[in-house]
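K.L.:
Heads up: the protein sequence lines correspond to chains D and B, in order.
Numbering follows this note's numbering, with no gaps: position 154 of the first sequence is 292.
Numbering follows this note's numbering, with no gaps: position 227 of the second sequence is 284.
Where a beta carbon is used, it is the ideal one built from N, C-alpha and C, also for glycine.
Since the model is a prediction, treat every value here as computed from it, not as a measurement.
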Amino acid sequence: MSEPALELRNVSKYYGEFCAVNDLSLTVPRGCIYGFLGPNGAGKTTSLRMILDILRPSSGTISVLGAPSALDVRHRIGYLPEEKGLYKKMKAWAVIAYFAGLKGLSSGDARRRAFELLERYGLKDFAQAKTEALSKGMGQKVQVLASIAHDPELVILDEPFSGLDPVNQGVLEEIVTDLRDRGRTVLFSTHVMAHAERLCDRLVIIGGGRRLFDGTMTEARRTLPHRVRLHTDDDPAPLRGVPGVTGLISDGPGAWQVELSEGADPQLVLRACFERAIRLQTFNAAEPSLHDVFMKLVGPSAREASFR
Amino acid sequence: MRYIWLVGLREFLENARTKGFWIGIFLFPVIILVSGALPILLAKKGISTRHYVVIDQTGEFAPKVRTELGRQRTTEVEDALHDFARRDPAPRELARFIRASGSNQPLSRLDLDGWKRHAGSNYLTVSGFNPPRAAWLEVPVPKGINPSNDVPSIEAQLRPWLRGEFTLPPSEANPSPKLFAAVIIPRGYGVGTNESASLRYWAENTADTSLRDSIQRQLSDELRRREYRSLGVDPAIIARVEARRAPITDLNPRKAEGEEKVGMADRLRQWAPSFFVYLLWVSIFAVSQMLLNSVIEEKSNRIIEVLLSSVTPGELMLGKLLGVAMTGGIMMTAWFGSIIGMASVQARIFSSAAAAGAVNPAASLPTDVLSLFQSTWLLPGFAAYFILGYIAYATIFLTIGSLCNTLKDAQNFMGPVMLVLMVPLFLMPFIPRDPNGPIATIFSWIPLYTPFVMMNRITGSPPLFDVIGTGIVLVGFDILILWGCGRIFRLAILRTGQPPRIIELFRWLRNR
């Protein structure tokens, strides 16, 4: 079990002159939930397709569950693509059973498993409905179930949360954590930071085809300097001289971010405010959010990338 | 292999669940049945009796016309009586006069003259016999019209009758019969070559010309007879001379001695391939269209990615080919099954009639159709060419589907393919006439046309070299198409946006 679920080494993908993925390396250990983050056009879908061997990388090697190609271990992998679609005329259970069959389950097992999953995740009443009659969210749930029906060791979900309402997002989070709790590995891409923050054990952030960050959530937060957010009508400039304060940034009218050096205590800032008679409306010493990390890492390039 | 089968099975079930599939299966036999039975039904029931008047100012021609039309009617009734006499069991009143079929008389026949002597031509004495309804019935000139008036005034009086404003006295079958036609033979008709005094045929309906044609034929005969007589020639001699026909017997050197005569079965054998070619064409086209649609569906709603994470593009392609082939195969089997089924039911009816001595067993169309299916290479040939032709065309359509995101995109590619596919249809009439001629031979060697052209030649005993050679070329071509299209397919299937240009396709063929 020491062998990673997934390993990419120096993988690049070129479409003619255009470089979609540039020298990407990453390692996904087994039994974790791994977030794959990046702005639009960052190369997430291309990377996932290469992992699945739907596309071949221009250079570099990929090892999936120890095999050189995902096709060799395709029965042990589940995949939910970014753009969701189902056979319109097929019944919900039949779609799940069909994909499970393609993943090696016998037709009897596939059918049993389809009904079992539909019941467990609240779609029992729709098992016999044609997929064209399902709402978008239900259709998407059916598709997620179809991708995990064969109980794969590695599940790859491309933007699984998009288009789901908060209740069903919750159901999906439950599905994902269930999988991890049973020792499965889940790799999912998203650009909704809240999901990544709640679910991921580890994450990678890519932008413009390059890896910008790879590590645990704590490590991600550490990439940003500690900062304190505060609101005041007074001028906070006197804080600049306080030991441990490395910068002061305006964050809108009356809102400020005070950057602290590594290990500095936010309480010092609070005390300095009292001492210097700066009247505070709010004082927030929380850790930086994943959103902040993401914006810092990809912010400058994402604007331009999304319009390419 | 299991995945090819799974993909194929899903494809088949999806198609089999559509209404179009079942309509296709059942409509075809119904069309065959109806197209066989409809003309007979229409002839029996469809047309009601049509009434006409004849106004003959010469007084010479109307009796001739009446005699001739009367004779035609008698023949019609007597033919019906013949058919009636063949019933099993034979009608009581006619049983004595029925003569068994002989070698040159395919059907048993009624000794009509004997019966007439006995019953005095009165068919009303035959119980259960309903003479066919007369197509035409002459009625007296309506009251108030004086036949000796001048033509324009007669015509002016007739117009409202012909337009249906006035109706004739009611009859048993028709409460308000309409005057369908009026025939006016003006004074001076037939004298010299007077074109102005022509017969005037009035009718609202200009489509049914049977009465007009029949009258014209008889009057032409009568005018000719008169002219012969005026020239001093005996019309009887002329009639005898005109009855001469150049005798022709059709013989075929390939048939066993004593059976060289070309019969119905032989003609059937010569033309049946055309039917098969047409069927082949329709089925290949219909089936390939299904493939195109299904690939475009999977591509446009991106199911394709999930599929490709489970199966290889090659498995997907072969699975789809298999699934749609099953659909087409079942449709074909149903069609042929219904033809053979119908033919054998009719053949059984026929042979029981033949056993009873009512008909000559050698002259049955259903039996011929059956023996055609049993005795020749038509069915196995059809199966083989259907499969080989299907692989080539279906793969091409499948690849077109993989290149396009919408049916609209596909239509641009379809144009040229359709043109290519049309060629065998144009060739169809020419090939049976000269099945081993240059056109047939050349087109047999073009793999895209081999199935159609060879199917068309199959009963013309093509040289073995052609059969085997074109077969090998076709199989090779199928393999090439599968290989080439497989390469394009795996690259195209994930592509979104504009379909690629032709030049890109060639690049794809060379490397991946």
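#1: So, is the C-beta of Arg-212/D closer than 7 Å to a C-beta in chain B?
#2: So what's Lys-222/D in DSSP terms, helix, strand or just coil?
#3: Using DSSP's beta-bridge definition, name the partner residues of Lys-268/D.
#4: List, in chain order, every chain D residue whose beta-carbon is nearer than 8 Å to that of Thr-369/B.
#5: Where does Gln-22/B fall in DSSP's three states?
#6: Of the choices His-213/D, Glu-221/D, Arg-168/D, whose alpha-carbon is the least far from that of Thr-328/D?
#7: Hey, quick one: how far does the beta strand (DSSP E) through Ala-260/B stretch, first residue to last?
#8: Taking C-beta pairs closer than 7 Å, name the residues in chain B that Gly-239/D reaches, listed in chain order.
#9: May I have the straight-line CA-CA distance separating Gln-271/D from Arg-359/D, to the nearest angstrom?
#10: Please list, in chain order, the chain B residues whose beta carbon lies closer than 7 Å to that of Gly-456/D.
#11: Considering Cα atoms alone, identify which of Arg-216/B, Leu-364/B, Asp-291/B, Leu-288/B is closest to Glu-261/B.
#12: Any idea which residues DSSP pairs Ser-388/D with across the strands?
#13: Pairing CB atoms from the segment 447 to 466 of chain B with CB atoms from the segment 369 to 385 of chain B, are three or more of them under 8 Å?
#14: At the level of alpha carbons, what is the spacing between Asp-170/B and Gly-185/B?
#15: From Arg-514/B, Ala-293/B, Val-111/B, Ser-357/B, pick the residue whose C-alpha is nearest to that of Trp-193/B; which is it?
#16: What does a CB cutoff of less than 6 Å around Pro-195/D pick up in its chain, not counting 5 residues either side in sequence?
#17: At least one CB of chain B closer than 7 Å to the CB of Tyr-172/D: is that the case?
#18: Per DSSP, what kind of secondary structure is Gly-438/B in: helix, strand or coil?
#19: Using the three-state DSSP reduction, which class does Phe-83/B fall into: helix, strand or coil?
#20: Can you look up Val-324/D in the DSSP assignment and give me helix, strand or coil?
#21: What span of residues does the alpha helix (DSSP H) with Thr-420/D cover, start to end?
#22: With 7 Å as the threshold, decide whether the Cβ of Ile-192/D is near any Cβ in chain B.
#23: Can you tell me the Cα-Cα spacing of Ser-345/B and Thr-106/B, whole angstroms?
#24: Assuming Asp-278/B is part of the alpha helix (DSSP H), what are its boundary residues?
#25: Within the continuous alpha helix (DSSP H) that includes Ser-163/D, where are the two ends?
#26: For the beta strand (DSSP E) that Leu-295/D lies in, which residues bound it at each end?
#27: Could you check whether the Cβ of Leu-365/B sits closer than 7 Å to any Cβ belonging to chain D?
#28: Could you pull out every residue in the same chain whose Cβ sits closer than 6 Å to the Cβ of Ile-341/B, ignoring the five residues on either side in sequence?
#29: For a quick check, are the C-beta atoms of Val-159/D and Gly-181/D less than 7 Å apart?
#30: Are Ala-230/D and Thr-199/D closer than 7 Å when you measure CB to CB?
#31: Classify His-175/B as helix, strand or coil using the three-state DSSP reduction.
#32: Tell me the rounded alpha-carbon separation between Ile-154/D and Phe-78/B.
#33: Using the rule of at least 16 other Cβ atoms within 10 Å of the residue's Cβ for burial, across every protein chain shown, is Asn-187/B buried or exposed?
#34: Examine chain B for any beta-carbon lying closer than 7 Å to the beta-carbon of Pro-195/D, and answer yes or no.
#35: List, in chain order, every chain D residue whose beta-carbon is nearer than 8 Å to that of Leu-551/B.
#36: For a cutoff of 7 Å on Cβ pairs, would you count Pro-374/D as touching chain B?
P.N.:
Short version:
#1: Here the question's residue 212/D lines up with position 74 in the first sequence. Output row for Arg-212/D: interface = yes.
#2: For the purposes of this step, residue 222/D is taken as residue 84 along the first sequence, with counting starting at 1. In the structure shown, Lys-222/D sits in coil (DSSP, three-state: anything other than H, G, I, E or B).
#3: Residue mapping note: residue 268/D aligns to position 130 of the first sequence, counting from 1. Lys-229/D, per the DSSP bridge assignment.
#4: Here the question's residue 369/B lines up with position 312 in the second sequence. Ordered by position in chain D, the residues that pass the 8 Å Cβ test against Thr-369/B are Leu-209.
#5: Only positions 58 to 569 of chain B appear in the structure, and residue 22/B is not among them; the question remains open.
#6: Locating residue 328/D in the first sequence gives position 190, where the first residue counts as 1. Checking every option, the nearest Cα to that of Thr-328/D belongs to Glu-221/D.
#7: By one-based count along the second sequence, residue 260/B stands at place 203. That run of the beta strand (DSSP E) goes 257 to 260.
#8: On the first sequence, position 101 is the one that residue 239/D refers to. Per Cβ cutoff of 7 Å: Leu-63.
#9: For the purposes of this step, residue 271/D is taken as residue 133 along the first sequence, with counting starting at 1. For the purposes of this step, residue 359/D is taken as residue 221 along the first sequence, with counting starting at 1. Checking the displayed sequence, the identity of residue 271/D turns out to be Ala instead of Gln. If I take the Cα positions, the gap works out to 44 Å.
#10: Nothing about residue 456/D can be read from this structure; chain D reaches only from 139 to 446.
#11: What you label residue 261/B is simply residue 204 of the second sequence in a count that begins at 1. It is Arg-216/B whose Cα lies nearest to the Cα of Glu-261/B.
#12: Counting from 1 along the first sequence, the entry for residue 388/D is found at position 250. DSSP output for Ser-388/D lists Trp-394/D as bridge partner(s).
#13: yes
#14: Within the second sequence, numbered from 1, the residue matching residue 170/B stands at position 113. Within the second sequence, numbered from 1, the residue matching residue 185/B stands at position 128. When rounded, the distance between both Cα atoms is 20 Å.
#15: Working through the second sequence from its first residue, we reach residue 193/B at position 136. Minimum Cα distance to Trp-193/B is reached at Val-111/B.
#16: Position 57 of the first sequence, counted from the start, is the residue given in the question as residue 195/D. Correct list, in chain order: Val-149, Lys-151, Met-188.
#17: In the first sequence, residue 172/D corresponds to position 34, counting from 1. Cβ-Cβ to chain B under 7 Å: no for Tyr-172/D.
#18: Start at 1 with the first residue of the second sequence, and residue 438/B comes out as number 381. The answer is helix: DSSP assigns Gly-438/B an H, G or I state.
#19: As a working note, residue 83/B is residue 26 in the second sequence. DSSP places Phe-83/B in helix when its eight states are reduced to three.
#20: The residue you call residue 324/D lines up with position 186 of the first sequence. Val-324/D: strand per DSSP, three-state reduction.
#21: Counted from its first residue, the first sequence places residue 420/D at position 282. Per DSSP, Thr-420/D belongs to no alpha helix (DSSP H); it is in the beta strand (DSSP E), 418 to 422.
#22: To locate residue 192/D, count along the first sequence from 1; it is residue 54. So yes, Ile-192/D belongs to the interface.
#23: Here residue 345/B refers to the residue found at position 288 when the second sequence is read from its first residue. Here residue 106/B refers to the residue found at position 49 when the second sequence is read from its first residue. Ser-345/B and Thr-106/B: Cα-Cα distance of roughly 50 Å.
#24: The residue labelled residue 278/B in the question sits at position 221 within the second sequence. Counting along the chain, the alpha helix (DSSP H) containing Asp-278/B begins and ends at 267 to 287.
#25: As a first step, residue 163/D must be located in the first sequence, where it is residue number 25. Note, Ser-163/D: premise wrong, no alpha helix (DSSP H); beta strand (DSSP E) at 156 to 166.
#26: The residue you call residue 295/D lines up with position 157 of the first sequence. Taken as a continuous stretch (DSSP letters only), the beta strand (DSSP E) holding Leu-295/D covers 292 to 296.
#27: In the second sequence, counting from the first residue as 1, residue 365/B sits at position 308. Yes, Leu-365/B lies at the interface with chain D (some Cβ there is under 7 Å from its Cβ).
#28: Here residue 341/B is taken as the residue at index 284 of the second sequence, counted from 1. So the list reads Gly-446, Tyr-447, Tyr-450, once near-sequence residues are dropped.
#29: Locating residue 159/D in the first sequence gives position 21, counting from the first residue. Locating residue 181/D in the first sequence gives position 43, counting from the first residue. For Val-159/D and Gly-181/D, yes; Cβs fall inside 7 Å.
#30: Walking along the first sequence from the start, residue 230/D turns up at place 92. Walking along the first sequence from the start, residue 199/D turns up at place 61. No; because the gap between Cβ atoms is not below 7 Å, this pair is not in contact.
#31: One-based indexing of the second sequence puts residue 175/B at position 118. Three-state result, His-175/B: helix.
#32: Here the question's residue 154/D lines up with position 16 in the first sequence. Here the question's residue 78/B lines up with position 21 in the second sequence. Sequence inspection shows Gly at residue 154/D; the Ile mentioned does not correspond to that position. Those two C-alpha atoms are separated by around 44 Å.
#33: In the second sequence, residue 187/B corresponds to position 130, counting from 1. With fewer than 16 Cβ atoms within 10 Å of its Cβ, Asn-187/B is classed as exposed.
#34: By one-based count along the first sequence, residue 195/D stands at place 57. For Pro-195/D, the answer is no, since every Cβ of chain B falls outside 7 Å of its Cβ.
#35: Sequence index remark: in the second sequence, residue 551/B carries index 494 (1-based). What Leu-551/B touches in chain D: Arg-187, Ile-192, Leu-193.
#36: The count along the first sequence starts at 1 and reaches residue 374/D at position 236. For Pro-374/D, the answer is no, since every Cβ of chain B falls outside 7 Å of its Cβ.
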